[in-house]
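The numbers in the sequence shown follow this note's numbering, run straight up by one, and end at 394.
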Amino acid sequence: MPLFTLSNQIKSQKLPEYKRFLHQKIDFNERLIGIIGARGAGKTTLLLQYVQKQKDKKSLYIIADHPLVASKGLFAIADSFQKIGGEILIIDEIHKIKNFEIDLKLIYDSFWNLQVIFTGSNAIAIDHAKADLSRRAMIYRLPVLSFREFIELESGVSFSSFELKDILDNHTTIAIDIISQIKPLAYLKEYLEYGAYPFYRDNKEGYLQKLLMATTQVLTTDLPAIYSIEYDKINALKKMMIMLCQSEPFDINISKLCGAVGLNQKTLYKYLAILEAGGLIRILGAKSNGISIISKPEKLYLDNSNLFNIFCDRPKDGTIRETFFASQLSYKHTLNYPKNGDFIIDELFTFEVGGRGKSKKQIKDLSNAYVVADDIEIGFERKIPLWLFGFLY
Numbered sequence: 002m003p004l005f006t007l008s009n010q011i012k013s014q015k016l017p018e019y020k021r022f023l024h025q026k027i028d029f030n031e032r033l034i035g036i037i038g039a040r041g042a043g044k045t046t047l048l049l050q051y052v053q054k055q056k057d058k059k060s061l062y063i064i065a066d067h068p069l070v071a072s073k074g075l076f077a078i079a080d081s082f083q084k085i086g087g088e089i090l091i092i093d094e095i096h097k098i099k100n101f102e103i104d105l106k107l108i109y110d111s112f113w114n115l116q117v118i119f120t121g122s123n124a125i126a127i128d129h130a131k132a133d134l135s136r137r138a139m140i141y142r143l144p145v146l147s148f149r150e151f152i153e154l155e156s157g158v159s160f161s162s163f164e165l166k167d168i169l170d171n172h173t174t175i176a177i178d179i180i181s182q183i184k185p186l187a188y189l190k191e192y193l194e195y196g197a198y199p200f201y202r203d204n205k206e207g208y209l210q211k212l213l214m215a216t217t218q219v220l221t222t223d224l225p226a227i228y229s230i231e232y233d234k235i236n237a238l239k240k241m242m243i244m245l246c247q248s249e250p251f252d253i254n255i256s257k258l259c260g261a262v263g264l265n266q267k268t269l270y271k272y273l274a275i276l277e278a279g280g281l282i283r284i285l286g287a288k289s290n291g292i293s294i295i296s297k298p299e300k301l302y303l304d305n306s307n308l309f310n311i312f313c314d315r316p317k318d319g320t321i322r323e324t325f326f327a328s329q330l331s332y333k334h335t336l337n338y339p340k341n342g343d344f345i346i347d348e349l350f351t352f353e354v355g356g357r358g359k360s361k362k363q364i365k366d367l368s369n370a371y372v373v374a375d376d377i378e379i380g381f382e383r384k385i386p387l388w389l390f391g392f393l394y
């Protein structure tokens, strides 16, 4: 069977030894597991690392857009596989299969001895009403590399991650301990330029080209496969990314953006939400209704600092800092735009992000307010080093 031949070839690949943090958090005893995340975040590598350790179990690894998958159907493949003693079925890029959620429900309910693990785009649309997967599938999200993970990859030294409250209460002690082992500021510039996606390790010189290809595939293939985007509107998505990259986060002119990309405000808001679901931008301050934004965003960021290198020239340092901060906190926390300061986290903690000389002036009258300062190794009281927020996961 060609699918088995391809599966064996894929599973026999030499893989990186380094395991992303999520590997330790997934409960692999579950029968139906989904891993979603941005293209290039390492979802496929994570699953192959798991499968290669299951040498005593019969597994099948399939790529969702393989012609045989389309012709045979997902349920039929699972049925045939479990009849010959198959135990682990892995489906890569499941969002490319139409009505995949219905097949997953049928497989889950029919084959009790078959474990199914799938990967999908950040924007994956699991229709709970149609297939009721909410009580069946355990869904995990894999974000881009944290600064902590990047340092581990580059230095070979392992570090613990910390909860936000630990950093706020004990940042001086934590920073001193880390600095006794490595110099984090020596790694930060490289991380901001090329450290967000694990594939930078393959070829640093070709990293930006590969990142551009991955991002283009999200815009031209992944998002249209999930949402009803007319083909002629794909260029509008690209133009939006470029304009957002060139603007300050707080200086977004919605009318100007609508005119430049040829969309009305309602459609523009919808497409902004789709770009966020695709892991390309981050929206602060807008109320939403499903995939549609229904109020004006207060701030718009690219998802991570590496994306600036493919969509525009280097932006201002302040934009890079805020983008880094938002990227590192968004995995575990809710970010909004406050009246004073740059971010309010979980509706509780206010942060003002700036350079090493940043003062508390703008947040001096607020409780639970902190200055996040770039270019310092160790903080003091409520002034915390920016790099340390890269140790949250």
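We put the beta carbon where it would ideally sit given N, CA and C, even for glycine.
| Check | Outcome |
| --- | --- |
| Sufficient close CB pairs (3 or more, under 8 Å) joining the stretch 169–180 to the stretch 374–382 | yes |
| DSSP-derived helix/strand/coil call for I282 | strand |
| Range of the contiguous alpha helix (DSSP H) that encloses I243 | 235–247 |
| Three or more C-beta pairs below 8 Å linking the stretch 142–154 and the stretch 34–42 | yes |
| Proximity of P329 and F160 at Cβ, strictly below 9 Å | As written in the sequence, residue 329 is Gln, which differs from the Pro given in the question. For Q329 and F160, no; Cβs fall outside 9 Å. |
| Stretch-stretch touch, CB-based, cutoff 8 Å, three pairs: the stretch 244–259 with the stretch 312–324 | yes |
| Selection from S122, K20, A370 that minimises the alpha carbon distance to Y394 | K20 |
| Option nearest L301 by Cα separation, candidates N307, A274, D318 | A274 |
| Nonlocal neighbours in the same chain, by C-beta distance under 6 Å from Y332, ignoring five residues either side | P144, Y394 |
| Cβ pair I91, I125 closer than 9 Å | no |
| Nearest to L303 (by Cα), restricted to the options L69, S256, I282, I235 | I282 |
| Beta-carbon proximity check, L16 vs Q116, cutoff 9 Å | no |
| M139 - partner residues in DSSP beta bridges | I34 |
| Ordered list of alpha helix (DSSP H) runs contained in the stretch 103–186, each at least 4 residues | 129–132, 148–156, 165–180 |
| K58 to Y51 span [Cα, whole Å] | 11 Å |
| Distance, I89 Cα to P185 Cα | 40 Å |
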